[in-house]
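Some notes on the structure that comes next.
Protein chains: 2
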Amino acid sequence: MSISKTYTISELAREFGITTRTIRYYEDEALLSPGREGQQRIYAEKDRVLLKLILRGKRLGFSLSESKAILALYEPGGSNRHQLQTMLNLLREKQESLRLRLEDIEMMQSDLLEAEERISRALTDGQENGDPDSHKQN
Amino acid sequence: MSISKTYTISELAREFGITTRTIRYYEDEALLSPGREGQQRIYAEKDRVLLKLILRGKRLGFSLSESKAILALYEPGGSNRHQLQTMLNLLREKQESLRLRLEDIEMMQSDLLEAEERISRALTDGQENGDPDSHKQN
DNA sequence: GTTCTAGTTTACGTAAACGTAAACTAGAAT
DNA sequence: ATTCTAGTTTACGTTTACGTAAACTAGAAC
Chain D
1 MSISKTYTIS ELAREFGITT RTIRYYEDEA LLSPGREGQQ RIYAEKDRVL LKLILRGKRL
61 GFSLSESKAI LALYEPGGSN RHQLQTMLNL LREKQESLRL RLEDIEMMQS DLLEAEERIS
121 RALTDGQENG DPDSHKQN
Chain Y
1001 MSISKTYTIS ELAREFGITT RTIRYYEDEA LLSPGREGQQ RIYAEKDRVL LKLILRGKRL
1061 GFSLSESKAI LALYEPGGSN RHQLQTMLNL LREKQESLRL RLEDIEMMQS DLLEAEERIS
1121 RALTDGQENG DPDSHKQN
């Protein structure tokens, strides 16, 4: 038994900058299933990791149901060969979509860099030659 | 005057695999403003590029209003120094968020790779020792 | 001349992902 | 004993990003 630290819902909410409503919603959608101590939810480290992965998926534009499907791949679940093959296919599909998103990011990065250079030039040019039109405002 | 090819709304819809409703919606939200020929919308190459950028942003999880703000940075608009500085700040902010997303992708990629190896092993292991209906649970 | 075919406007409907308010519970602090 | 302070359930509300249907227009095809 390694660590067994637990968390309350508001601790997790604070850590990840989300509301408790959000965390409960993920449970409604069956992405989380924390333990209970009486009426209160009690989150284990495993739940915290799951939450982190869900939020990562969200930042990458995955829907909750997509994230749910991805999370299922991390579990040692797979029993028969057919299920394993299905999981493997889904995995490769997701990997491919990640590759595409990575390309999207790289393209957008280079676009933003260009824009930055252009604006930087506009700024320094304005400094050098006085920017004829804007002697009024600084 | 380089190219001046134009597109109808359904041509663009077909090319990008979206509906005309979506394209008109983006216009409602002021992300596009195509010309008109009588009552019909007529899209120039510039509009096509904008649409492409909007969809790219969408894939990366940006909201339409975020994309709108980003697209504004590509226009040679900036007039006074204050506006240029604001744009520059927003640009760097977006670049930073892209860097973070890139990290997210890399982490998810390595997670998926691990999962793939695990499942692959489960498959070949099952092949080696027969696995006759898995009489025990994992 | 009518019937297709795209296109248009207007407007109500919808799924996802929460926000927000109300009403309740249970332990801690005063 | 009451008042905080989390936590809980239930349920209706809201925003974003479109879907979908209805009713109209205008040129092309038959």
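First to last, the protein sequences are chains D and Y.
Under the working numbering, residues 1 to 138 are what the first sequence spells out, in order.
Under the working numbering, residues 1001 to 1138 are what the second sequence spells out, in order.
Glycine included, C-beta positions come from ideal geometry on N, C-alpha and C.
Residue environment analysis places residue 1100 of chain Y among the exposed positions, since fewer than 16 neighbouring C-beta atoms fall within 10 angstroms of its C-beta.
Using a CB distance cut-off of 7 Å, residue 1095 of chain Y counts as an interface residue toward chain D. Boundaries for residue 18 of chain D: no beta strand (DSSP E) harbours it, and the DSSP string shows neither H nor E there.
Interface annotation for the stretch 1006-1024 of chain Y against chain D: empty, criterion Cβ-Cβ distance under 7 Å.
Per DSSP, the unbroken beta strand (DSSP E) holding residue 35 of chain D starts and ends at 35-37. As DSSP reads the structure, residue 41 of chain D sits in a beta bridge with D/36. At a cut-off of 7 Å between beta-carbon atoms, residue 26 of chain D makes no contact with chain Y. Neighbours of residue 69 of chain D in chain Y, taken as residues whose beta carbon is under 7 Å from its own, are absent, since the nearest beta carbon is some 12 Å off.
When rounded, the separation of the alpha-carbon atoms in residue 1019 of chain Y and residue 1012 of chain Y is 9 Å. Between the C-alpha atoms of residue 1042 of chain Y and residue 109 of chain D there is a straight-line separation of about 30 Å. CA-CA distance, residue 32 of chain D to residue 1092 of chain Y, rounds to 35 Å.
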